[in-house]
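Student:
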Amino acid sequence: MKFEAAVIEKFNRGPEIREFDISPLGEGEILVRIEAAGVCGSDLHIFEGRDPRIRLPMIPGHEGAGIVADMKGDVLDVRGNPVHPGDRIIWDRGVVCGRCFYCSVEKKPFLCINRKVYGITFSTADSPFPNGCYSRYIKLSSLTRIVKAGADISPEVLVPVGCSGATSFHAVEESGLREGETVVIQGPGPLGIFAAAFCRNRGAGHIIMTGSGKSRKRMELARSFGVTHLVYRDEMALESQLEFIKSLTGGRGADIVFEMAGSAGAVESGQHFLARGGRYMITGIAVPVGSVGIDVYENLVRKNASVRGVWVSDTSHLLKALEAVEDLRYPFEKLVSRRFSLVEAGQAIESVKDRDVLKSVIMP
Ligand SMILES: [Zn+2]
Ligand SMILES: [Zn+2]
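Heads up: the sequence shown at position 151 corresponds to 394 in our numbering, and the numbers run straight through without jumps.
1. Between the C-alpha atoms of Ile277 and Ala518, what's the straight-line distance to the nearest angstrom?
2. Count the other C-beta atoms from every protein chain shown that fall within 10 angstroms of the C-beta of Ala279, then say buried if there are 16 or more, exposed otherwise.
3. Would Ile260 pass as a contact of Val586 if the rule is Cβ separation under 9 Å?
4. Within its chain, find whatever has a CB closer than 8 Å to the CB of Asn255; leave out the 5 residues flanking it on each side and keep chain order.
5. For Ser490 versus Tyr475, is the C-beta distance shorter than 9 Å?
6. At a cut-off of 8 Å, would you count Asn547 as near ligand 2, judging by its Cβ distance to the nearest heavy atom?
7. Sort out for me which residues DSSP pairs Val604 with in a bridge.
8. Below 9 Å between beta carbons: does that hold for Val604 and Gly281?
9. For Lys596, which three-state DSSP category applies?
10. Quick one: Cα of Gly533 to Cα of Ile356, how far?
11. Does DSSP classify Leu517 as helix, strand or coil?
12. Name the two residues that bound the continuous alpha helix (DSSP H) containing Ala312.
13. If you measure from the CB of Glu284, is any heavy atom of ligand 1 nearer than 8 Å?
14. Where do the N-terminal and C-terminal ends of the beta strand (DSSP E) with Ser549 fall, by residue?
15. Is the CB-CB distance between Gly393 and Phe437 below 9 Å?
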C-alpha cells in the first residue's frame, strides 16, 4: 500500500510531499489513518534546524489523532479498553524503554534515556515507518501507549492534548499547587491555556496571564480557561507588572510562576514575580536558548525559592489532559484557529509565527 507524507529533507526548505510504501504490520503494531496533526512551536524549531534531536530526512508531526486502519493482534488502550479498527485514538508521542534507570527505578518515564518521539527523533530510515503525523498514515509500535477517544470530540481538538496539554499538566502537577495560591502564567499559547485550566481545576486563587499586546486575541481567550487577570508585558514596565502582582497578593508576589513562553527573556522577568517560598516552573523552553541571568541572592536565596525545569510528559499526564478536554468545562475547540491540507504543510509551519494563531492543524 502506498501513502503520501510531508518530508523535511533540508532545513528551512519544503517540506516535500513524498510517496512511500507501508510494510506489513508486526505483532501489536497499529496503522492509524491520521485525521489531524497538530502544528507545534517545536515543528518550527525542527524545520529551522534548531532541535538537536533531529536527523534528516524526517516526517514531522508529533501531535496526532486518527482512526485505526489496521492492526495485528489484540491491543488494549491505557484505560483497559480493547482497540478495534475504526476506533479514534490518540497516543503518547514518546515511546520509552521501560528498562532504564529512569523508567524502572525512578519511575519517571519522561526521563527515559532511550525515549523516542514520533515526528521528532525518527528519520524516514527508522522503524516503525511512517513515524510522523504530517502523513496520511502513521504506524505505531507495540510499545506505544494509546488511548481511545470518544467519537464526540473532534480530532483537531484532540491533537494538542498529546503535547502541550500533557506537558502542561506535568508542570502543574510538579508545581505542587495548593488551593488558593496565586499563579502567574507567562505565555498565552497552548501550554499556557491548558495550564490555566489545570490550575483552575486545582483551586488556584488568582491566575494571571502575561503576554504581548500582539497576542491580544489569545490573551482574551485565556479568560475562558480560568485566567482572572491579564498583564500586557510590552505595555507595562516590569516594575509596574510586579506592583500589580503584589497588589493582588498582600505584597507577597506569586506562589508559582509558569514559564510557558519559550524565551530566555521570560525567565529574566519571571524570576521577579516570585513570592518568598515561590516555585518557578520553566516549561516552555524546548530548544537551546543559551544562558539566562538570574539574581541568585534576591530572587532565589532570599526568597527560598525553587526553580525547576519541566521536560516533556508521560502517559499519566496525557491521560489527565485528555480528561480535561473530555470534561467539556472549557472551550478547547477554540484553540484550533487554522486548518491546512498536507500539501500546505510549509504554510502550516510558518503559521506558528503568527501570534493570532493559537493552534494550526493539518488535516491530511
Ligand atoms: Zn508539540
Ligand atoms: Zn527507559
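All residues carry an ideal CB built from backbone N, CA and C; glycine is no exception.
Predicted model only: the values in this text are computed from it and were never measured.
Tutor: Concretely, from the data shown:
1. 45 Å
2. buried
3. yes
4. Phe290, Glu291 and Gly292
5. no
6. no
7. Gly281 and Arg582
8. yes
9. helix
10. 23 Å
11. strand
12. Note, Ala312: premise wrong, no alpha helix (DSSP H); beta strand (DSSP E) at Glu306 to Met314.
13. At residue 284 the sequence reads Gly, which differs from the Glu that was named. Gly284: yes, Cβ under 8 Å from ligand 1.
14. Ser549 to Gly552
15. no
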